[in-house]
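*Asks:* Got a structure for you, written out below as structure tokens; questions coming shortly.
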Amino acid sequence: MKKHQSCSPYFRYEGKVYEINAREGMPIFTHQLRKSIDQLTAMEGYHHRVLVVVFGLHLPSYSKGNEMISKFLSWLRYWLVKEYKINRIGYVWCRERNKANAQHYHFALMLDGSKLQYPSKLLNIAKENWHRLSAGGFLFIPDNCFYMLKRGNAIVRAAIIYRLSYYAKVNSKQTREGMTNDYGTSRLSRPPL
1 MKKHQSCSPY FRYEGKVYEI NAREGMPIFT HQLRKSIDQL TAMEGYHHRV LVVVFGLHLP
61 SYSKGNEMIS KFLSWLRYWL VKEYKINRIG YVWCRERNKA NAQHYHFALM LDGSKLQYPS
121 KLLNIAKENW HRLSAGGFLF IPDNCFYMLK RGNAIVRAAI IYRLSYYAKV NSKQTREGMT
181 NDYGTSRLSR PPL
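Written out as structure tokens, the structure is:
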């Protein structure tokens, strides 16, 4: 499948136009952004409030595959069910490597905002477990690391989509090995109308 790219700072999808983090010389993969929006839309369809938490996952050394992300997701699902009784988890991640020795990941987690309103406990536990699972890696918490999306709030939704559009950028995704994925999403379907 050929990956379509766009340099436009605007993205039209399902009858809406979103401002995105793209411009001439900094294109995005449109199919990746569509999948990210689909996951956000699915979560918004199931929950009146969706907590979206963004963070970075850095590895201590290079790896060809994404096994650490799989292990992290497995642990995260288990912990969220045990701690908050959260069974539906939306997520988007992308793998990047510029000139650094090891790749890093950008990660966005989408959760039921009525069960979890603030991410500090989640991020602290995730930081400890990422360090353990990755044998010395670290979890980076950026400024403005979370959004609370109330269903129908177009302003917050647009801010989240702008943030997620960075995950779809083309630059820094060209250094992967063979068939290793450079992004992944949950596979939530939208609730029936």
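In this text, residue positions in the sequence shown follow full-length UniProt numbering: the first is 1, and each later residue adds one.
Positions of the beta carbon are idealized from the N, C-alpha and C atoms, including for glycine.
#1: Spatial neighbours of TYR13 within its chain, please: CB distance less than 7 Å, with the 5 preceding and 5 following residues excluded, ordered by chain position.
#2: Alpha carbon to alpha carbon, how far is LEU76 from ARG163?
#3: According to the neighbour-count rule (16 or more other Cβ atoms, all chains shown, within 10 Å of its Cβ), is MET26 buried or exposed?
#4: Identify every residue that forms a DSSP beta bridge with MET26.
#5: For a quick check, are the C-beta atoms of VAL17 and TYR147 less than 8 Å apart?
#6: Report yes or no: do three or more beta-carbon pairs, one from the region 46–60 and one from the region 102–115, lie closer than 8 Å?
#7: Taking DSSP as the reference, what is the three-state secondary structure of SER120?
#8: Based on the DSSP secondary-structure assignment, which residues constitute the bridge partners of PHE11?
#9: Taking the straight line between their C-alpha atoms, what separation do you get for GLN32 and LEU123?
#10: I need the straight-line Cα distance from MET1 to CYS7, nearest angstrom please.
*Replies:* If we stick to the structure as given:
#1: Around TYR13: ARG34, ILE37.
#2: Approximately 22 Å between the Cα atoms of the pair.
#3: Taking a 10 Å sphere around the C-beta of MET26, we find fewer than 16 other C-beta atoms and assign the residue as exposed.
#4: Paired residues: ARG23.
#5: Annotated as distal: VAL17 and TYR147, with beta-carbon spacing of 8 Å or more.
#6: A contact exists between the region 46–60 and the region 102–115.
#7: Collapsing the DSSP output to three states places SER120 in a helix.
#8: PHE11 pairs with TYR18.
#9: Whole-angstrom Cα-Cα distance: 25 Å.
#10: Note that MET1 scores a pLDDT of 46, beneath 50, so its modelled location is shaky; the value from the coordinates is reported in the next line. Straight-line Cα distance between these residues: approximately 19 Å.
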